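Residue numbers (the numbering used here), protein chains in the order written: chain E, 95 to 340; chain H, 95 to 340. Every residue, glycine too, gets a C-beta built ideally from N, C-alpha and C. All of these numbers come straight from a predicted model, not from anything done at the bench. A short write-up of the structure that comes next.
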DNA sequence: CCGCAAACGCGAGCACCGCTCTTGCTTTAG
DNA sequence: CTAAAGCAAGAGCGGTGCTCGCGTTTGCGG
């Protein structure tokens, strides 16, 4: 076909990239709500109507930025994982959590774009799903390594939740215990609860030493999902009465 | 002073209430981003410029709605607590969590307004703080009751987080152990991570049986913060199941 | 009782927004 | 070489938040 056939096609790619770049710049500065097609066009020295040759609507532009943001977050998670090579699963889990948090603090508007309030009439197209899975795949990898290495304590699950957990595991990570997968999903959400609260100001005047606070709570989440320290047996989770089974 | 001094003052109160009512209606229908001063004025049969006699800007109107939403959430939490009188602390904790979730699912746009992405240039005025504390006070009350009753297991905390926890406890609930207060803050954020993910579509095609999923995870959060089942102790009742399936 | 300042409602208008349509021009393909 | 397709530009539509000047209403103090 005509991938890089003519100069026309290349120009289209370049202009598309320039639009996205400028849009991302404005997104980082002012947030998604303030992102204006007209302002992007103005900055690029072209008529606003010309933008519609490249993106059918403002929402389509936002979708492109959403995918890029997911990828950026995924890269940050992978980088944090690689930087923590050689340490135990719990430490690596915590390191990746901190990497995700650092990315969110450094890209607050991108974070808000993908994990904040959805745009009113907007429903994310299926295109965003693979990009979104990239970050969670890092956590799955850590759990997988832990299972092969120091072991993985299966979280307790009530029987009525078992079928749901089995279904989730089949869809997400068939080689992990269903209890772990179901708990991972919840943990994933809880992690973004912590990050979102910090980012959106809910911790203002409440939590001061947020680095220490987050590191500890992220480690707790790792324990919740089943990670154990390699040197010792299953670490008792605080306040869990399940340990007194006799 | 001049509370109900003249008919003028009463009219002002009534018009202000009518504006808020119509604004809340539009908020519930379309979301905060679509809330339009002109549309509110149109629906009320008055010129858009007249609204500025009552609310200096759109953000001020939103602030009023934010406070109302916090109060509404607080009421829902209190109602859930009162409806679960007489059960153990863990069940009551879970019931309040479910009440908060039900409120969020029933008022998605109000939820997004107070716990979603903040409005771009917007910073919540201090006026919203007391209203925001109303819901969390319900959880503090449960912990307080548990401390006087069946007991409260102190979550483990690393020593470097201890001073921060002590500071938090002094500000929030001086009669509770610092470890519990610090963990409660994190738990609070994690709870809204779970709710937000469900509400904003992050659980689509991932979690199906969301009622069961949430109930279990909410109970886990209760254990994390230190709640224990009242049957536990010297009473010879081994292996009593935690969840009541009836 | 009356005058006057404050509060009020209104309409026009400003600057901006997303988006559409028409009009030419240029590159590409047959 | 010609016709088709892609592209940029401008005008325009309906919408937004917000400001300003106008005439009117209201209620308090002298």
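query: Do you know how far the Cα of residue 232 (chain H) is from the Cα of residue 194 (chain H)?
result: Put simply, the backbone Cα of residue 194 (chain H) is about 11 Å away from that of residue 232 (chain H).
task: Could you tell me whether the Cβ of residue 254 (chain E) comes closer than 8 Å to any Cβ of chain H?
output: It does; some Cβ of chain H falls within 8 Å.
task: Name, please, each residue of chain H whose Cβ falls closer than 9 Å to the Cβ of residue 296 (chain E).
output: Ordered by position in chain H, the residues that pass the 9 Å Cβ test against residue 296 (chain E) are 209, 226, 282, 283, 286.
message: Quick check: what's the CA-CA separation for residue 191 (chain H) versus residue 121 (chain E)?
response: A direct Cα-Cα distance of roughly 34 Å separates residue 191 (chain H) from residue 121 (chain E).
message: On the criterion of 16 or more Cβ atoms from any shown chain inside 10 Å, does residue 257 (chain H) qualify as buried, or is it exposed?
response: That one is exposed.
- prompt: So, helix, strand or coil for residue 321 (chain E), using DSSP?
  reply: Secondary structure of residue 321 (chain E) (DSSP, three-state): strand.
query: Beta carbon of residue 266 (chain H), beta carbon of residue 275 (chain H): below 8 Å?
result: In this structure, residue 275 (chain H) lies closer than 8 Å to residue 266 (chain H) by Cβ.
message: Classify residue 223 (chain H): buried if its beta carbon has 16 or more other beta carbons within 10 angstroms, exposed otherwise.
response: Counting Cβ neighbours within 10 Å, residue 223 (chain H) comes out exposed, since fewer than 16 surround it.
query: If residue 295 (chain E) and residue 212 (chain H) are in contact, beta carbons under 8 Å, what's the gap, nearest whole angstrom?
result: Between residue 212 (chain H) and residue 295 (chain E) the Cβ distance is about 7 Å, and since that is below 8 Å, they are a contact.
Buried versus exposed, by CB contacts within 10 Å (16 or more), residue 243 (chain E): Residue 243 (chain E) comes out exposed.
- prompt: Cα-Cα, which of H:200, H:161, H:292, H:149 is closest to residue 123 (chain H)?
  reply: The option with the nearest alpha carbon to residue 123 (chain H) is H:200.
- prompt: Does the count of Cβ pairs from the stretch 101-121 of chain E and the stretch 154-171 of chain E closer than 8 Å reach three?
  reply: Between the stretch 101-121 of chain E and the stretch 154-171 of chain E there are three or more inter-stretch CB-CB distances shorter than 8 Å, so the stretches are counted as touching.
task: State the CB to CB distance for the pair residue 165 (chain H) and residue 261 (chain H), rounded to an integer number of angstroms; the pair is presumed to be in contact (CB under 8 Å).
output: Residue 165 (chain H) to residue 261 (chain H), Cβ: 28 Å. No contact.
- request: Examine chain H for any beta-carbon lying closer than 8 Å to the beta-carbon of residue 310 (chain E), and answer yes or no.
  value: Among the residues facing chain H, residue 310 (chain E) is included, as its CB has a counterpart in that chain under 8 Å away.
query: What three-state label does DSSP hand residue 246 (chain E) in the structure shown?
result: Reduced to three states, the DSSP call for residue 246 (chain E) is strand.
query: For the candidate residues H:263, H:241, H:209, whose alpha-carbon lies nearest to that of residue 226 (chain H)?
result: The shortest C-alpha to C-alpha distance from residue 226 (chain H) to any of H:263, H:241, H:209 is the one to H:209.
message: Rounded to the nearest angstrom, what separates residue 263 (chain E) and residue 171 (chain E) at their Cα positions?
response: Separation of residue 263 (chain E) and residue 171 (chain E) (C-alpha to C-alpha, rounded to the nearest whole angstrom) is 22 Å.
- prompt: Under the rule that 16 or more other beta-carbon atoms within 10 Å means buried, what is residue 107 (chain H), buried or exposed?
  reply: Its Cβ having fewer than 16 others within 10 Å, residue 107 (chain H) is exposed.
field: Simplified DSSP assignment, three categories, for residue 200 (chain H)
entry: Here DSSP, grouped into helix, strand and coil, assigns residue 200 (chain H) to helix.
field: Minimum Cβ-Cβ distance from residue 154 (chain H) to chain E less than 8 Å
entry: Chain E places no beta carbon closer than 8 Å to that of residue 154 (chain H), leaving this residue out of the contacts.
- prompt: What residue range is occupied by the uninterrupted alpha helix (DSSP H) comprising residue 124 (chain E)?
  reply: Its alpha helix (DSSP H) spans residues 101-124.
query: Once you ignore the five residues that flank residue 282 (chain E) on each side, which residues in its own chain have a CB closer than 8 Å to its CB?
result: The residues are 230, 233.
query: In the stretch 137-153 of chain E, which residues sit with their C-beta less than 8 Å from some C-beta in chain H, listed in chain order?
result: From the stretch 137-153 of chain E, no residue has a Cβ closer than 8 Å to chain H.
message: In this structure, how does DSSP classify residue 302 (chain E) when only helix, strand and coil are distinguished?
response: In the three-state DSSP reduction, residue 302 (chain E) falls in the coil class, being neither helix nor strand.
- prompt: Which residues, in order along the stretch 258-275 of chain E, keep a beta-carbon less than 8 Å from a beta-carbon of chain H?
  reply: Those would be 258, 261, 262, 265, 266, in chain order.
- request: Could you tell me the distance, in whole angstroms, from the CA atom of residue 109 (chain H) to the CA atom of residue 138 (chain H)?
  value: Taking the straight line joining both Cα atoms gives about 9 Å.
field: Rounded separation between residue 144 (chain H) and residue 105 (chain H) - CA only
entry: Each residue's alpha carbon lies about 14 Å from the other.
- request: Please confirm if residue 301 (chain E) has its CB atom under 8 Å from at least one CB of chain H.
  value: It does: the Cβ of residue 301 (chain E) has a partner Cβ on chain H nearer than 8 Å.
query: Taking just the CA atoms, how far does residue 320 (chain E) sit from residue 269 (chain E)?
result: Those two C-alpha atoms are separated by around 15 Å.
field: Distance between beta carbons of residue 318 (chain E) and residue 249 (chain E), contact taken as under 8 Å
entry: Yes, they are in contact, since the Cβ atoms of residue 249 (chain E) and residue 318 (chain E) sit about 7 Å apart, within 8 Å.
query: Using the C-alpha atoms, what's the distance from residue 154 (chain H) back to residue 136 (chain H)?
result: Cα to Cα, residue 136 (chain H) sits roughly 19 Å from residue 154 (chain H).
task: Check whether the Cβ of residue 138 (chain H) sits closer than 7 Å to any heavy atom of the ligand NAP, and report yes or no.
output: Absent from the structure shown: the ligand NAP. Ligands present: none.
- prompt: At a Cβ threshold of 8 Å, is residue 232 (chain H) touching chain E?
  reply: Look at residue 232 (chain H): its C-beta is not under 8 Å from any C-beta on chain E.
message: Beta-carbon within less than 7 Å of residue 202 (chain E)'s beta-carbon, same chain only, minus the 5 sequence neighbours each way: which residues are those?
response: 293, listed in sequence order.
- request: Determine the contact status of residue 315 (chain E) and residue 285 (chain E), defining contact as a CB-CB distance below 8 Å.
  value: Taking a C-beta distance under 8 Å as the contact criterion, residue 315 (chain E) and residue 285 (chain E) qualify as a contact pair.
- prompt: So with Cβ pairs under 8 Å, would you call residue 244 (chain H) a contact of chain E?
  reply: Residue 244 (chain H) does not count as touching chain E.
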